[in-house]
Amino acid sequence: MTATIYELLVIAKPFLDSEGDAAQAIVEQALKQAGATVKKLERLGRRRLPYDINKLKEGLLLTVQFEVPKESLDKLRRTFTLNEDILRATIVKLTTEDVAYLEVAAKQRAERRERANERGGERGGDRDRGGDRRGGFGGGNRGGGGFNRQGGGGGNYQRRDGQQRDFQRNDQQAPVADAAAN
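If you use the numbering used here, the sequence shown corresponds to residues 79 to 260, in order.
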């Protein structure tokens, strides 16, 4: 009777509590009854679901790495299926490579969070957002022309081989040389 490492993703009802303590207690109790030992538990918090589940748009997410004998895995799945506070539960068997990858990914996430906090927030800190920022609709060095009728015009771009090219938009004709001059 060897124990295998599994990962469990649980989506619980969002109104159990704001922190996920009740959902965590439900999961831990079910794992304890199945004879599992919890290796790692991570609360992912309240998240918007990609589609409605039982007419709910949000859910509390938890991931758990645990060891359990293979015989009690079906009992564990049934426990999560019957619990009304659990919207979805998925159990995946992990290999040793998966476990190593997840540890490295967790370290990298922690380092990114630490660097983001040092520079003043998750989304780039106090970066200068002013200046003549051209691009997107109407502007930039490739013409653009977005929503304003006269915007963008022609433009130029540099090809991969380094040659500079000029071009005109289709609705603006290049000046035609006077036929009488030729």
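The beta carbon of each residue, even a glycine, is placed where N, CA and C say it ideally should be.
Counting of Cβ neighbours within 10 angstroms places proline 128 among the exposed residues, the total staying below 16. For aspartate 163, there is no enclosing alpha helix (DSSP H), as DSSP marks it with neither H nor E. The segment 168 to 182 and the segment 106 to 116 do not touch, with fewer than 3 CB-CB distances between them shorter than 8 Å. In the DSSP assignment, no residue is bridged to glutamate 189. Residue environment analysis places threonine 157 among the buried positions, since at least 16 neighbouring C-beta atoms fall within 10 angstroms of its C-beta. Counted as a single uninterrupted DSSP element, the beta strand (DSSP E) harbouring glutamate 120 occupies residues 115 to 131.
In this structure, the alpha-carbon of threonine 159 lies about 20 Å from that of threonine 115.
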